[in-house]
Amino acid sequence: MKEFYIDSDGIPIHAKLDYPEDVEKGPLCILIPGFTGHIEEDHIIAAQKAMNDVGVIVLRAEMYGHGGSGGEFRNHTLYKWITNALSVVHYAKTLDFVTDLYLCGHSQGGLLTMMIGGMCADDFKAILPLSPAWMIPELSREGTVLWTSFDPKHIPEKVTSDEWELSGDYIRVAQTLHVEDEIERYEGPVLIVHGDEDEAVPYHYAQKALALYKNAKLVTVKGADHCFNGYLDELADAIRGFFNDLEG
Ligand code: FER
Numbered sequence: 389m390k391e392f393y394i395d396s397d398g399i400p401i402h403a404k405l406d407y408p409e410d411v412e413k414g415p416l417c418i419l420i421p422g423f424t425g426h427i428e429e430d431h432i433i434a435a436q437k438a439m440n441d442v443g444v445i446v447l448r449a450e451m452y453g454h455g456g457s458g459g460e461f462r463n464h465t466l467y468k469w470i471t472n473a474l475s476v477v478h479y480a481k482t483l484d485f486v487t488d489l490y491l492c493g494h495s496q497g498g499l500l501t502m503m504i505g506g507m508c509a510d511d512f513k514a515i516l517p518l519s520p521a522w523m524i525p526e527l528s529r530e531g532t533v534l535w536t537s538f539d540p541k542h543i544p545e546k547v548t549s550d551e552w553e554l555s556g557d558y559i560r561v562a563q564t565l566h567v568e569d570e571i572e573r574y575e576g577p578v579l580i581v582h583g584d585e586d587e588a589v590p591y592h593y594a595q596k597a598l599a600l601y602k603n604a605k606l607v608t609v610k611g612a613d614h615c616f617n618g619y620l621d622e623l624a625d626a627i628r629g630f631f632n633d634l635e636g
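Using this note's numbering, the first residue of the sequence shown is number 389, and each one after it goes up by one.
The structure is reproduced here in structure tokens:
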């Protein structure tokens, strides 16, 4: 494992690189956690290990205001995350040991995966949005994020819950994003993995995304919640199976 920072227009992006055994050159997958998440979460580690098992090098990276990266949580926006993810993609493309590139993210990182997938469609052999929270822009236009309501036409200075505080800019930015456009622009293979008891991102959004992508597979993890608690083996099996099918 190598731990380091990638510069993103002055913001240090905390990252870790994990290699499969006896692999020095090969495919690499960028892996991004979700809202309030970090790269040591159990489901992120499970995804990383599953990829390493099938010979894929993994670059875990934390976006603005999360984990060990720069910026305050309350000031993070999806524009900042998009800028950070583009920096990580540029960095990965400079690595001479990388053959094919993949992108995977959980929840808000899954939304980011869908956005960047469309924006950099030529760069990825496949993308893997896990429990993707791709309804955040739509809900922001309607006036809710994570069970917190506001007037979408008169955005407050801040939005708060018991656990976090966000600047109104998070909402302003989210309202401008149209994930469907980026779904349409990505024509490569897509793996969506989603628990049918997800309490944060309702399962039907996974079915909707499956129908919109040209080449997507949905693995439904029966009984699993948003972070696949108690179902990490099923998550890992879905990821290993997807990479094995791509190679085969
Ligand atoms: C929301 C629903 C789900 C939301 C975020 C999430 C910010 C989940 C995010 C994550 O786990 O990454 O309305 O608003």
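From the three backbone atoms N, C-alpha and C, an ideal C-beta is built for every residue, glycine too.
CB contact check: residue i to chain D, cutoff 7 angstroms
i: V581; result: This model lacks chain D altogether, as it is built from one protein chain only.
Residue i, buried or exposed, once every other Cβ within 10 Å from all chains shown has been counted against 16
i: W469; result: buried
i: E450; result: buried
i: L483; result: exposed
i: G618; result: exposed
i: G422; result: buried
i: E428; result: exposed
i: G611; result: exposed
i: P517; result: buried
i: M439; result: buried
i: H582; result: buried
i: A599; result: exposed
i: G497; result: buried
Cutoff 6 angstroms; reference residue i; Cβ partners in own chain excluding five residues on either side
i: S528; result: I559, A562, Q563
i: F630; result: L579
i: I515; result: L491, T501, G505, V578
Rounded distance between the beta-carbons of residue j and residue i, thought under 8 angstroms
i: E575; j: A509; result: 7 angstroms
i: L419; j: G493; result: 7 angstroms
i: S519; j: V589; result: 5 angstroms
Spatial neighbours of residue i in its chain, beta-carbon cut-off 7 angstroms, leaving aside the 5 residues before and after
i: R573; result: G506, A509
i: E570; result: M502, M503, G505, G506, M507
i: F392; result: A403
i: A480; result: L416, I418, L447, V486, L489
Residue i Cβ short of 6 angstroms to the ligand FER heavy atom set
i: V477; result: no
i: A588; result: yes
i: I470; result: no
i: A521; result: yes
i: Q496; result: yes
i: I524; result: yes
i: F461; result: no
i: F616; result: no
i: L623; result: no
i: G422; result: yes
i: L527; result: yes
With a cut-off of 8 angstroms, do at least 3 Cβ pairs link the region 460-468 to the region 408-418? no
So, do the region 512-528 and the region 586-601 have three or more beta carbon pairs nearer to each other than 8 angstroms? By the criterion of at least three beta-carbon pairs nearer than 8 angstroms, the region 512-528 is in contact with the region 586-601.
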